[in-house]
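Undergrad: In the numbering used here, the protein residues as written are 185 to 683. Where is the CB? At the ideal position from N, CA and C, for every residue including glycine.
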Ligand SMILES: *Cc1c(COP(=O)(O)O)cnc(C)c1O
């Protein structure tokens, strides 16, 4: 029997996994969720001997039941290959007693988005074939920095697809911006918007819901799909590495069979931590999910009070991929803790849209006991990088540092000594300026690109290929637009007529 998917905003309709991947977002604006979370059908003893690719198959086959074994294995093999600089794909590094970093940044763009975006184009083109889609698929994406490049890299020159990425002009790091504007591929477009990430994300959501544009696109032989973390085809591949991490801890003898662990995830759009929550529900022995925010601490406040309130100042931090006030994937959790009630979820999402805030019921709040919120200030983040380097020689990026700080505070304050896996979401090379000045303020005056050599010396790691590639690459994308011009810009790029 196929596992079917429902929208978080509509109780009636179900779709297959491949349809959910193709659509990205449901027509009613909701997010697709599996009608139930499948249970792992292998033991950890079996899983612990498996490669990343084998683990990926065992996890993904349970969610994407309308893909054949051959299709799924082909997607996995095409994604997790030599684009990654280690055959482990997601290595686990012991930082101190009981604390492990799950390094998710060994792919083409050196951030964790590669874990899902290197496979999504393959899932999507397979899904299109399965559903007799003949239109070209237009990927429309808003990015806070890392998604954009990872999606561009994944989709560049994939036949039958086009990709348009919107990013906030002054809201990404220099390396992130360079990575995007130097992207090759005739089917790629990159647009800097005069606004922040939430403007970009809201704008993209509106374009998806725009019936007029949909018609214009259909007439021209196009249809939209989303590579944003709301696509179930991104969420499912992310569940894999939590299963893998647990199995590897077991294999290395770091934990006993059945021993419970905690995870800390540096969080923005709530996709990565939701994947950990799904892994828990599949049967991975995870106790607490610690949700780490930067100074945009909407989620910290939400877990504490049960009130989600985006009406606050938007702060630009040194962890820009987490500078988010509307965490889209939280809707999937809200739906679940509302007892899978599309009506209740819709009511809250409407409140979010109109008032910018909503409050969950006390019963719903009880369902959140697996989660703990925490946050790091900019000073905490710098200190975490500095101290971890001083104590261990390990250099981590700013996003991981937010999680590291929150993890340490949680362990001290709660006395909870379960082993901890920290999702390490970016290479320090990607945020080299913030990282190096946290290690030593004297680096503040050094050019960002020269800092790469300094980081190499300090961290005793090689400069990743992703960085070497941008050092002398040509700028190919210069397009900018105002927030209210996003629709016109899409029409211009795709050469479709507006009325
Ligand atoms: C996207 C991103 C995050 C946030 O992940 P979400 O799934 O959006 O919560 C954290 N760190 C880095 C480096 C990222 O690129």
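Alpha carbon to alpha carbon, how far is residue 448 from residue 530? Give it in angstroms, no decimals.
TA: Numbered from its first residue, the chain shown carries residue 530 at position 346. Numbered from its first residue, the chain shown carries residue 448 at position 264. Roughly 29 Å between the two C-alpha positions.
Undergrad: Can residue 405 be considered in contact with ligand 1, in the sense that its beta carbon sits closer than 7 Å to one or more heavy atoms?
TA: Counted from its first residue, the chain shown places residue 405 at position 221. Checking every heavy atom of ligand 1 against the Cβ of residue 405, none is found closer than 7 Å.
Undergrad: Can you find a C-beta in chain D that's less than 8 Å from the C-beta of residue 651?
TA: Of the protein chains in this structure there is only one, and it is not chain D.
Undergrad: Could you check whether the Cβ of residue 609 sits closer than 7 Å to any heavy atom belonging to ligand 1?
TA: Here residue 609 refers to the residue found at position 425 when the chain shown is read from its first residue. Yes, the beta carbon of residue 609 sits closer than 7 Å to at least one heavy atom of ligand 1.
Undergrad: Can you tell me whether residue 457 sits near ligand 1, meaning its C-beta is under 7 Å from at least one heavy atom of the ligand?
TA: Residue 457 sits at position 273 when you count from the first residue of the chain shown. Residue 457 Cβ: within cutoff of ligand 1.
Undergrad: Can you tell me which of 518, 564, 561 and 534 puts its alpha carbon nearest to the alpha carbon of residue 546?
TA: Counted from its first residue, the chain shown places residue 546 at position 362. Ranking the options by Cα distance to residue 546, first place goes to 518.
Undergrad: Write down every uninterrupted run of the beta strand (DSSP E) in the segment 246-293 whose length is 3 residues or greater and which is fully enclosed by it, in chain order.
TA: The segment 246-293 contains these whole beta strand (DSSP E) runs: 276-280 and 283-287.
Undergrad: Closest by CA to residue 513, which one among 375, 402, 306 and 414?
TA: In the chain shown, counting from the first residue as 1, residue 513 sits at position 329. Ranking the options by Cα distance to residue 513, first place goes to 414.
Undergrad: Compute the Euclidean distance between the alpha carbons of residue 272 and residue 550, then round it to the nearest angstrom.
TA: Numbered from 1 along the chain shown, position 88 holds the residue referred to as residue 272. Numbered from 1 along the chain shown, position 366 holds the residue referred to as residue 550. Straight-line Cα distance between these residues: approximately 38 Å.
Undergrad: First and last residue of the alpha helix (DSSP H) that includes residue 396?
TA: By 1-based counting over the chain shown, the position of residue 396 is 212. Taken as a continuous stretch (DSSP letters only), the alpha helix (DSSP H) holding residue 396 covers 395-403.
Undergrad: For residue 612, I'd like the list of residues in its chain whose CB is within less than 7 Å of its CB, leaving aside the five on either flank, ordered along the chain.
TA: Locating residue 612 in the chain shown gives position 428, where the first residue counts as 1. Hits under 7 Å: 579, 580, 581, 619, 639 and 643.
Undergrad: Taking C-beta to C-beta, are residue 421 and residue 443 nearer than 8 Å?
TA: As a working note, residue 421 is residue 237 in the chain shown. As a working note, residue 443 is residue 259 in the chain shown. No. Outside cutoff.
Undergrad: Taking the straight line between their C-alpha atoms, what separation do you get for residue 441 and residue 231?
TA: Reading the chain shown from its first residue, position 257 is the one you call residue 441. Reading the chain shown from its first residue, position 47 is the one you call residue 231. The alpha-carbon atoms of residue 441 and residue 231 are separated by roughly 12 Å.
Undergrad: Hey, how far is the Cα of residue 548 from the Cα of residue 521?
TA: Counting from 1 along the chain shown, the entry for residue 548 is found at position 364. Counting from 1 along the chain shown, the entry for residue 521 is found at position 337. Going by the C-alpha atoms only, they are around 5 Å apart.
Undergrad: What is the rounded straight-line gap between the Cα of residue 389 and the Cα of residue 435?
TA: Numbered from its first residue, the chain shown carries residue 389 at position 205. Numbered from its first residue, the chain shown carries residue 435 at position 251. Between residue 389 and residue 435, the C-alpha separation is close to 43 Å.
Undergrad: Give the straight-line distance between the Cα atoms of residue 485 and residue 228, rounded to the nearest whole angstrom.
TA: Counted from its first residue, the chain shown places residue 485 at position 301. Counted from its first residue, the chain shown places residue 228 at position 44. Cα-Cα distance, rounded: 35 Å.
Undergrad: Between residue 350 and residue 300, is the Cβ-Cβ spacing less than 8 Å?
TA: Here residue 350 refers to the residue found at position 166 when the chain shown is read from its first residue. Here residue 300 refers to the residue found at position 116 when the chain shown is read from its first residue. With a cutoff of 8 Å on beta-carbon distance, residue 350 and residue 300 are scored as not near each other.
Undergrad: Specify, as a first and last residue, the run of the alpha helix (DSSP H) that residue 446 falls within.
TA: Mapped onto the chain shown, residue 446 falls at position 262. Not the alpha helix (DSSP H): residue 446 falls in the beta strand (DSSP E), residues 445-450.
Undergrad: Among 249, 677 and 576, which one has its Cα closest to the Cα of residue 205?
TA: Residue 205 sits at position 21 when you count from the first residue of the chain shown. Per the Cα distances, 249.
Undergrad: Taking 8 Å as the threshold (C-beta atoms), are residue 189 and residue 219 in contact?
TA: Position 35 of the chain shown, counting from 1, holds the residue named residue 219. Position 5 of the chain shown, counting from 1, holds the residue named residue 189. In this structure, residue 189 lies closer than 8 Å to residue 219 by Cβ.
Undergrad: With hydrogens ignored, establish whether the beta-carbon of residue 295 is closer than 7 Å to any heavy atom of ligand 1.
TA: Mapped onto the chain shown, residue 295 falls at position 111. True, at least one ligand heavy atom lies under 7 Å from that Cβ.
Undergrad: Just checking residue 451 against ligand 1 - is the residue's beta carbon closer than 7 Å to any of the ligand's heavy atoms?
TA: Taking the chain shown and counting its residues from 1, the one referred to as residue 451 is at position 267. Set against 7 Å, the gap from the CB of residue 451 to the closest heavy atom of ligand 1 is smaller.
Undergrad: Please report the straight-line C-alpha distance between residue 491 and residue 532, rounded to a whole angstrom.
TA: Numbered from its first residue, the chain shown carries residue 491 at position 307. Numbered from its first residue, the chain shown carries residue 532 at position 348. Distance between the alpha carbons of residue 491 and residue 532 is about 11 Å.
Undergrad: Heavy atom of ligand 1 less than 7 Å from the Cβ of residue 506, yes or no?
TA: Position 322 of the chain shown holds residue 506. For ligand 1, at least one heavy atom lies less than 7 Å from the Cβ of residue 506.
Undergrad: Report the three-state DSSP secondary structure of residue 332 (helix, strand or coil).
TA: Position 148 of the chain shown, counted from the first residue, corresponds to residue 332. Annotated three-state conformation of residue 332 is helix, per DSSP.
Undergrad: Using a Cβ-Cβ cut-off of 6 Å (strictly less than) and excluding sequence neighbours within five positions of residue 661, which residues of its own chain qualify?
TA: Stepping through the chain shown from its first residue, residue 661 is reached at position 477. So the qualifying residues of the chain are 365 and 374.
Undergrad: Between residue 459 and residue 433, which are expected to be in contact by the criterion C-beta below 8 Å, what is the C-beta distance as a whole number of angstroms?
TA: If you number the chain shown from 1, residue 459 lands on position 275. If you number the chain shown from 1, residue 433 lands on position 249. With 8 Å as the limit, residue 459 and residue 433 do not qualify as a contact, their Cβ atoms being about 17 Å apart.
Undergrad: Report the residue from 208, 186, 307 and 212 whose alpha carbon sits nearest the alpha carbon of residue 197.
TA: Numbered from 1 along the chain shown, position 13 holds the residue referred to as residue 197. Residue 197 has its Cα closest to that of 212, out of 208, 186, 307 and 212.
Undergrad: Per DSSP, what kind of secondary structure is residue 407 in: helix, strand or coil?
TA: The sequence position of residue 407 within the chain shown is 223, counting from 1. It is a strand residue.
Undergrad: Which residues in the same chain have their Cβ closer than 6 Å to the Cβ of residue 675, if we skip the five residues on either side of it in sequence?
TA: Looking up residue 675 in the chain shown gives position 491. In chain order, 682 place their CB closer than 6 Å to the CB of residue 675, counting only its own chain and leaving out the 5 sequence neighbours on each side.
Undergrad: Does the distance from the C-beta atom of residue 310 to that of residue 255 stay below 8 Å?
TA: Counting from one through the chain shown, the residue named residue 310 turns up at place 126. Counting from one through the chain shown, the residue named residue 255 turns up at place 71. Yes, Cβ-Cβ distance for residue 310 and residue 255 is below 8 Å.
Undergrad: Locate the beta strand (DSSP E) running through residue 645, then write down its first and last residues.
TA: Locating residue 645 in the chain shown gives position 461, counting from the first residue. No beta strand (DSSP E) contains residue 645, which DSSP labels as neither H nor E.
Undergrad: Using the Cβ count rule (16 or more neighbours within 10 Å means buried), how would you classify residue 367?
TA: Within the chain shown, residue 367 is the residue found at index 183, counting from 1. Buried: at least 16 other Cβ atoms inside 10 Å.
Undergrad: Any heavy atom of ligand 1 inside 7 Å of the beta-carbon of residue 325?
TA: Counting from 1 along the chain shown, the entry for residue 325 is found at position 141. Outside the cutoff, so no.
Undergrad: Candidates 305, 671 and 354: which alpha carbon is nearest residue 393's?
TA: Along the chain shown, read from residue 1 onward, the residue named residue 393 stands at position 209. Closest by alpha carbon: 671.
Undergrad: Any heavy atom of ligand 1 closer than 7 Å to the beta-carbon of residue 602?
TA: Taking the first residue of the chain shown as 1, we reach residue 602 at position 418. Flag unset: Cβ of residue 602 not near ligand 1.
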